[in-house]
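Below: the structure, in structure tokens.
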Amino acid sequence: MKRIYVNEKWCLGCHLCEYYCAYANSNESDMVKALKNIKIRPKIKIEELNGVTSAVSCRHCNEPYCVKGCISGALSINEGVINIDKNKCIGCFTCVLSCPYGAIEPDEDGVVDKCELCMKNSFGSPQCVKGCPNNAIVYEERG
Amino acid sequence: MAINFLYPKFEVIRNQDRCISCRVCERQCANEVHYYNEESKVMLSDESKCVCCHRCVSLCPTKALKIVKTDHTFRPHSSWNSEVIEDIYRQAETGGVLLSSMGNPKEYPVYFDKMLINASQVTNPSIDPLREPMETRVSLGKKNIDIERDENGKIVDNLPPQIKLEVPIMFSAMSYGSISYNAHESLARAAKELGIVYNTGEGGLHEDFYQYGKHTIVQVASGRFGVHKEYLNAGCAVEIKMGQGAKPGIGGHLPGEKVGEDISKTRMIPKGSDAISPAPHHDIYSIEDLRQLVFSLKEATNYTKPVIVKISAVHNVAAIASGIARSGADIIAIDGFRGGTGAAPTRIRDNVGIPIELALASVDERLRAEGIRNNVSLVVGGSIRSSADIVKAIALGADAVYIATSALMALGCHLCRNCQSGLCNWGIATQREDLVRRLNPNLGYKRVVNLINAWTHEIKEMMGGMGINSIESLKGNRLMLRGVGLNEKELEILGIKHAGE
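Protein sequence lines correspond, in order, to chains A and B.
Yeah, the first sequence ends on 145 if you go by the numbering used here, and it's all consecutive.
Yeah, the second sequence ends on 509 if you go by the numbering used here, and it's all consecutive.
What follows is the structure, encoded as structure tokens:
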């Protein structure tokens with residue numbers, strides 16, 4: 003299955019992936035309209051320590067702890083992609099605590115939100131990958 | 009505080025309606041132009057630091073930024089123009105020599121733009137390069153005119169060592185130090201893929217790049233940095249750098265702060281020490297001395313590599329080239345006065361040397377007249393900007409061209425001409441680790457390959473139009489050129505007719 007991988011050697015810490023992510027999931031057709039004067043809640047985040055930066059998002063694990071721990075059936079695996087059904091989420095945040103990557107976060111409505119590889123929005127392919135200026139974020143099959 | 013006489017050259021125009029305060033401009037500007045004001049929640053700019061490199065403009069996701077030249081003015085004066093005035097203020101403040109980078113930006117005539125290329129009509133057929141084979145391959149080096157035969161009458165292969173190129177384009181010398189590791193890797197990989205060569209410049213060869221040896225020209229310059237036996241034998245040719253078009257007659261200086269661990273090892277000098285290349289080679293004061301170095305290098309490489317002598321185009325270039333052609337060198341490279349540099353004194357860059365078109369024409373003419381044109385191949389560089397420039401240079405008599413500025417532009421260079429600051433936002437002319445990282449060779453080399461492939465297509469189209477199917481038939485074929493708006497003397501030196509003749 004194709005997944006998002008990040009090569010921190012080429013990550014510039016420019017944070018553009020976060021903004022392209024927020025825009026892709028905003029349901030707006032214009033980036034300015036989507037992001038102007040808004041505190042973004044991207045599903046990919048830049049982690050930074052001692053000058054090393056890297057983007058972190060859901061790994062879409064083969065045996066995900068989040069899905070295993072979900073008590074309401076809101077998280078499910080569909081052809082390898084881990085999806086969230088916000089209508090089913092009860093906001094227990096078990097997944098938030100169990101994700102080893104910190105890739106799941108509560109959204110403003112008290113339910114959780116996560117990367118779905120832009121499969122469910124109008125773009126259809128990961129926009130963080132497309133927006134990365136240095137090819138640090140790639141979307142590929144790695145066995 | 010002293011009075012600041014200088015008004016910023018550029019204005020950063022931010023469309024606040026479009027700015028989403030993502031701060032990518034702030035994070036990507038090594039000159040620290042942009043900053044975020046927490047209180048008013050807007051991005052602001054300190055324009056005095058802007059060098060107009062467009063990194064912020066290119067990365068801004070909402071196209072909220074543009075850079076414009078300031079229209080702030082001094083009282084207009086055609087001789088004391090604002091550049092002249094500002095330079096005086098700058099020198100009055102610092103007491104120093106003005107430094108600049110990249111090529112001469114002054115408005116001297118560009119002779120390439122005053123020459124037009126021929127095409128076939130009716131009486132001779134043009135060739136469609138998409139349907140018929142087109143030969144762009146060249147080999148550079150001395151060509152023997154005499155045919156030798158052995159006792160059985162078989163022809164003896166007496167061809168001296170050559171550089172083989174799929175297209176008559178080479179990347180000119182840029183040292184590891186003046187440009188980054190990633191820039192070098194991009195050029196080396198592109199050269200390998202294209203079947204052409206790049207040049208180490210005077211910075212030695214990084215151990216990681218020995219694998220590209222067949223596509224590498226190793227340079228020996230006046231500082232002799234990084235020169236040893238393995239280095240000389242690593243490449244496909246050895247180049248002796250006598251001069252550089254951007255700064256004829258002077259040496260080079262890589263400041264100590266750029267000499268980090270890797271560069272110190274590659275150049276074989278202590279970490280943090282200034283790498284100073286003297287103006288002359290201290291062992292070369294005549295053609296005879298040059299001949300000694302040429303043959304020392306041939307000895308060291310067991311006569312398996314052609315030796316290039318690179319000079320800048322200066323007033324007596326034809327006579328100098330004649331001497332070089334007799335010195336045992338296999339290839340002469342001439343760098344015109346518009347050639348680039350990582351740092352040069354501004355006055356020298358802008359006022360010394362001559363246009364490459366005139367130098368090339370007069371050198372080719374002189375070598376032919378003296379019957380020694382086959383002793384050497386001619387390579388020219390110094391602002392070759394397009395495939396049309398290449399076709400014109402070859403028609404004037406060049407065997408191949410050197411390009412560098414355009415190759416760097418393929419890597420992202422925006423000609424902001426601040427290489428000497430070491431703060432290249434595009435990761436090219438810098439050694440700062442976080443900036444070097446911005447040039448990903450996996451992307452960079454492909455862009456360089458694209459550029460050369462595009463030019464190759466265009467060269468073939470132009471050759472086809474002239475009814476020529478081999479680049480060798482174009483070489484020195486000055487009848488394929490006509491001048492426009494040139495005077496008698498210029499036409500005479502270029503050896504071409506005026507349009508309409």
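Even for Gly, the Cβ is constructed at its ideal location relative to N, Cα and C.
Close-in-space but distant-in-sequence residues of the same chain around L119(A) (CB under 6 Å, 5 per side omitted): Within the same chain, L119(A) has close Cβ partners V83 and P128.
Whether L502(B) touches E378(B) by CB criterion (8 Å): no
Y7(A) in three-state terms, based on DSSP: strand
Opening and closing residue of the beta strand (DSSP E) in which S147(B) lies: V146 to L148
Residues that DSSP places opposite K74(B) in a beta bridge: I21(B)
Proximal chain A residues relative to N448(B), where beta-carbon distance stays under 7 Å: W12, N136 and N137
Contacts around P449(B), its chain only, beta-carbon distance under 6 Å, and the 5 residues preceding and following it disregarded: Apart from the 5 residues on each side of it in sequence, P449(B) sits with its Cβ closer than 6 Å to the Cβ of N190, E193 and S194 in its chain, given in chain order.
Contacting residues, own chain, Cβ-Cβ under 8 Å from C94(A) (five flanking each side not counted): Residues I73 and S74 of the same chain have their beta carbon placed closer than 8 Å to that of C94(A), with the five preceding and five following residues left out of the count.
Residues of its chain near R393(B), where Cβ-Cβ distance is below 7 Å and the 5 sequence neighbours each way are ignored: So the qualifying residues of the chain are S414.
R490(B) burial status per 10 Å Cβ neighbour count (16 or more: buried): buried
Nearest-angstrom Cα separation, counted from G473(B) out to A511(B): The structure shown does not extend to residue 511(B), since chain B spans only 9 to 509, so no value can be given for it.
Three-state secondary structure (DSSP) of I135(B): If DSSP states are grouped into helix, strand and coil, I135(B) belongs with coil.
Whole runs of the alpha helix (DSSP H) within the region 378-445 of chain B, excluding any shorter than 4 residues: 395-404, 413-418 and 441-444
CB contact flag (G104(A), V58(A), <8 Å): Yes; because the gap between Cβ atoms is below 8 Å, this pair is in contact.
Contacting residues, own chain, Cβ-Cβ under 8 Å from I163(B) (five flanking each side not counted): I155, E156 and R157
Cβ-Cβ distance between V409(B) and I177(B) below 8 Å: yes
Spatial distance of V267(B) from H261(B) (CA atoms): 11 Å
CB contact below 8 Å: L18(A) versus chain B: yes
Any chain B beta carbon closer than 8 Å to L51(A): no
V113(A) versus S100(A) - alpha carbon distance: 15 Å
Counterpart residues of A283(B) in DSSP-defined beta bridges: L262(B)
Chain-order list of residues whose beta-carbon lies under 8 Å from that of K279(B) (same chain, five-residue window excluded): V267, G268, E269 and S272
First and last residue of the uninterrupted beta strand (DSSP E) at N45(B): H42 to N45
Reduced DSSP secondary structure (H/G/I, E/B, other) of M178(B): strand
Proximal residues to L301(B) (C-beta, below 8 Å), its chain only, five neighbours per side dropped: Excluding positions up to five away in sequence, the list reads V228, I248, H289, D291 and I292.
Contact list for Q439(B) against chain A, beta-carbon separation under 8 Å: Chain A residues near Q439(B): none, gap ~15 Å exceeds 8 Å.
8 Å contact criterion, which D121(B) and L106(B) should meet: CB distance rounded: 28 Å between Cβ atoms; not a contact.
C-alpha distance - L499(B) paired with S86(B), whole-angstrom precision: 30 Å
Reduced DSSP secondary structure (H/G/I, E/B, other) of P108(A): Three-state result, P108(A): strand.
Cβ of V58(A) within 8 Å of any chain B Cβ: no
C-alpha distance - G344(B) paired with N123(A), whole-angstrom precision: 55 Å
For A333(B), the nearest candidate out of K237(B), R381(B), V325(B) and F233(B) (CA to CA): R381(B)
N- and C-terminal bounds of the alpha helix (DSSP H) containing V83(A): V83(A) -> not in any alpha helix (DSSP H); beta strand (DSSP E) instead, spanning V83 to I86.
Continuous beta strand (DSSP E) stretch holding G133(A): start and end: Per DSSP, G133(A) belongs to no beta strand (DSSP E); it is in the alpha helix (DSSP H), Q129 to G133.
Residues from the region 18-42 of chain B in contact with chain A, defined by Cβ distance under 9 Å: D25, R26, C27, I28, S29, C30, R31, V32, R35 and Q36
Beta carbon of I460(B) nearer than 8 Å to that of I398(B): No, these two residues do not count as a Cβ contact at 8 Å.
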